[in-house]
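Those letters in the sequence shown? Residues 166 to 463, per the numbering used here, in order.
Working notes, structure below.
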Amino acid sequence: MLKLIKKMRQASLLIGCFVYDFRVFLKGYGGLKRVDKEATESWLLQDIHRIEKGFTLRNPRSNYGWAVLRRLDGNIKLAKHNGQLSNGIERYLGSVMSAYRVKNEIPDDCAELALAESQDSYHANLPYRPKDLMGASFDKIIEKRRSVRQFDRETSLQNIERALAAARGTPSVCNRQYIGTSVLTGDEMSKALELQNGNDSFRSEIKQVLVVYARLRYLTSPYERYQGYIDGGMYCMNLINYLAFLGVGSCPLNWSATPRNDQKLKSLGVVPKNSSVVMMIAIGEVDDTISTASSRKI
Numbered sequence: 166m167l168k169l170i171k172k173m174r175q176a177s178l179l180i181g182c183f184v185y186d187f188r189v190f191l192k193g194y195g196g197l198k199r200v201d202k203e204a205t206e207s208w209l210l211q212d213i214h215r216i217e218k219g220f221t222l223r224n225p226r227s228n229y230g231w232a233v234l235r236r237l238d239g240n241i242k243l244a245k246h247n248g249q250l251s252n253g254i255e256r257y258l259g260s261v262m263s264a265y266r267v268k269n270e271i272p273d274d275c276a277e278l279a280l281a282e283s284q285d286s287y288h289a290n291l292p293y294r295p296k297d298l299m300g301a302s303f304d305k306i307i308e309k310r311r312s313v314r315q316f317d318r319e320t321s322l323q324n325i326e327r328a329l330a331a332a333r334g335t336p337s338v339c340n341r342q343y344i345g346t347s348v349l350t351g352d353e354m355s356k357a358l359e360l361q362n363g364n365d366s367f368r369s370e371i372k373q374v375l376v377v378y379a380r381l382r383y384l385t386s387p388y389e390r391y392q393g394y395i396d397g398g399m400y401c402m403n404l405i406n407y408l409a410f411l412g413v414g415s416c417p418l419n420w421s422a423t424p425r426n427d428q429k430l431k432s433l434g435v436v437p438k439n440s441s442v443v444m445m446i447a448i449g450e451v452d453d454t455i456s457t458a459s460s461r462k463i
């Protein structure tokens, strides 16, 4: 009976925590067609980067991203009308649209984008060779590392093991070492990538994927409901940076997935069912200099 009471109390605390989370997120997130400055900036940054990512592909299709461009044009008009268009975003937009027009056309109904011009020497895409960071200083890796979307072949298991060993040194709550990583290739990788939103345009390039997850059994209080993502995020940061130190290319792939896709991923058996997926990371060797998105910080 005492055990049942304790379980009910824990369940009650957990429900209370999630109700609180629901209220905070519902009130604060940028959906629901909110038009305040932060929500508008979020849409602008997302869509500018969606166009910018096209520069990183090996063979992007001509005039790609028109649906995104039309939404971006509408949000630029809205931001200007509401006095919400910052100089930083305007400069970012100008550089990306100038680069886009080199090989692509802008839809006729996107008047705002047609006017956007580069205002400085900032380049929307940069040449990058992951091997140039092999053995580099921490400062240089932080400054120069870029996400890549072109891979030539798999990296070695030795490189992966070295990076995972380094990432295991990441701080974690009360030294509970509960962040795990699955290494996927072949059909298993392809099935997992189909469930992730954001790799369609370069899926054929990806040779290996790391799936990072948090084992929930190690979290013992309802108040630790975020902790897997906090510790997992720090782990991923160290993992990605150490891969850069080894000269290995990588691209973080978010796991902002639907519940159905989360369940499907677990049904593949690539992560434990009592875990939370933190993210996927596409990795591989890159032989030559490639084009990468500058991802301008505002």
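Beta carbons are placed, not taken as given, at the ideal position from N, Cα and C, and that holds for glycine.
For this session: Would you mind sorting Lys245 into buried or exposed? The rule is 16 or more other CB atoms within 10 Å of its CB.
Result: Start at 1 with the first residue of the sequence shown, and residue 245 comes out as number 80. With fewer than 16 other Cβ atoms within 10 Å, it is exposed.
Exercise. Does the pairing of the region 343-361 with the region 370-381 give three or more beta-carbon distances under 8 angstroms?
Worked result: yes
Exercise. Do you know offhand how far Leu381's Cα is from Val435's?
Worked result: As a first step, residue 381 must be located in the sequence shown, where it is residue number 216. As a first step, residue 435 must be located in the sequence shown, where it is residue number 270. Distance between the alpha carbons of Leu381 and Val435 is about 16 angstroms.
Exercise. Can you tell me the Cα-Cα spacing of Asp212 and Phe183, whole angstroms?
Worked result: Along the sequence shown, one-based indexing puts residue 212 at 47. Along the sequence shown, one-based indexing puts residue 183 at 18. About 30 angstroms.
For this session: Give a yes or no on whether the C-beta atoms belonging to Ala447 and Leu298 are separated by under 8 angstroms.
Result: Start at 1 with the first residue of the sequence shown, and residue 447 comes out as number 282. Start at 1 with the first residue of the sequence shown, and residue 298 comes out as number 133. Contact flag unset, no.
Exercise. Would you call the CB atoms of Tyr407 and Ala301 closer than 8 angstroms?
Worked result: Here residue 407 is taken as the residue at index 242 of the sequence shown, counted from 1. Here residue 301 is taken as the residue at index 136 of the sequence shown, counted from 1. No; because the gap between Cβ atoms is not below 8 angstroms, this pair is not in contact.
Exercise. Looking at the unbroken beta strand (DSSP E) that takes in Ile455, where does it start and where does it end?
Worked result: Position 290 of the sequence shown, counted from the first residue, corresponds to residue 455. Unbroken beta strand (DSSP E) run through Ile455: Ile455 to Ala458.
Exercise. What are the start and end residues of each continuous beta strand (DSSP E) run of 3 or more residues lying completely inside the region 414-443, in chain order?
Worked result: 414-419
Exercise. Would you call the region 445-463 and the region 266-284 touching, i.e. three or more CB-CB distances under 8 angstroms?
Worked result: no
Exercise. Shortest alpha-carbon distance to Asn362 belongs to which of Pro417, Lys172 and Leu258?
Worked result: Looking up residue 362 in the sequence shown gives position 197. Residue Pro417 is the option with its Cα nearest to Asn362.
Problem set entry | Sub-8 angstroms separation of Asn403 and Ala331 beta-carbons | As a working mapping, residue 403 is identified with position 238 in the sequence shown. As a working mapping, residue 331 is identified with position 166 in the sequence shown. In contact: Asn403 and Ala331 (Cβ atoms closer than 8 angstroms).
Exercise. With 16 as the cutoff for other CB atoms within 10 Å, does Pro139 come out buried or exposed?
Worked result: Missing from the structure shown is residue 139; the chain here goes from 166 to 463 and no further.
For this session: Take Leu322 as the anchor and find which of Ala204, Thr423 and Leu411 has the nearest alpha-carbon.
Result: Along the sequence shown, read from residue 1 onward, the residue named residue 322 stands at position 157. Comparing Cα positions, the closest option is Leu411.
Exercise. Thinking C-beta only, is Lys438 closer than 8 angstroms to Lys429?
Worked result: Residue 429 sits at position 264 when you count from the first residue of the sequence shown. Residue 438 sits at position 273 when you count from the first residue of the sequence shown. Contact: no.
Problem set entry | Tyr194 in three-state terms, based on DSSP | To locate residue 194, count along the sequence shown from 1; it is residue 29. Tyr194: coil per DSSP, three-state reduction.
For this session: Compute the distance between the beta-carbons of Ile216 and Val267, then report whether it is under 8 angstroms.
Result: Along the sequence shown, read from residue 1 onward, the residue named residue 216 stands at position 51. Along the sequence shown, read from residue 1 onward, the residue named residue 267 stands at position 102. Going by C-beta atoms, Ile216 is not nearer than 8 angstroms to Val267.
For this session: Would you check if the region 202-209 and the region 234-245 touch, i.e. whether three or more CB-CB distances between them fall below 8 angstroms?
Result: yes
Problem set entry | Coil, strand or helix - Gly345 by DSSP | The count along the sequence shown starts at 1 and reaches residue 345 at position 180. Gly345 falls in the strand class under three-state DSSP.
Exercise. Apart from the five residues just before and just after Thr454, which ones in its own chain have a Cβ nearer than 6 angstroms to its Cβ?
Worked result: Indexing the sequence shown from 1 puts residue 454 at position 289. Excluding positions up to five away in sequence, the list reads Pro292 and Arg294.
For this session: Count the other C-beta atoms from every protein chain shown that fall within 10 angstroms of the C-beta of Cys275, then say buried if there are 16 or more, exposed otherwise.
Result: Locating residue 275 in the sequence shown gives position 110, where the first residue counts as 1. Its Cβ being crowded by 16 or more others within 10 Å, Cys275 is buried.
Exercise. Among all the DSSP beta bridges, which residues are the ones paired with Gln373?
Worked result: What you label residue 373 is simply residue 208 of the sequence shown in a count that begins at 1. Looking at the DSSP assignment, Gln373 forms a beta bridge with Ile448.
For this session: Check the C-beta distance from Val313 over to Ser415 and give it rounded, since I have them as a contact under 8 angstroms.
Result: Counted from its first residue, the sequence shown places residue 313 at position 148. Counted from its first residue, the sequence shown places residue 415 at position 250. Contact holds; Cβ gap of about 7 angstroms.
Problem set entry | Which listed residue (Arg236, Ala176 and His214) has its alpha carbon closest to that of Lys198 | Position 33 of the sequence shown, counting from 1, holds the residue named residue 198. Closest option to Lys198, Cα to Cα, is Arg236.
Exercise. Rounded to the nearest angstrom, how far is the Cβ of Ser456 from that of Asn290, given a contact under 8 angstroms?
Worked result: Along the sequence shown, one-based indexing puts residue 456 at 291. Along the sequence shown, one-based indexing puts residue 290 at 125. Sure, about 5 angstroms apart at Cβ, within 8 angstroms.
For this session: Could you pull out every residue in the same chain whose Cβ sits closer than 8 angstroms to the Cβ of Leu433, ignoring the five residues on either side in sequence?
Result: Along the sequence shown, read from residue 1 onward, the residue named residue 433 stands at position 268. Contacts found: Glu353, Lys356 and Ala357.
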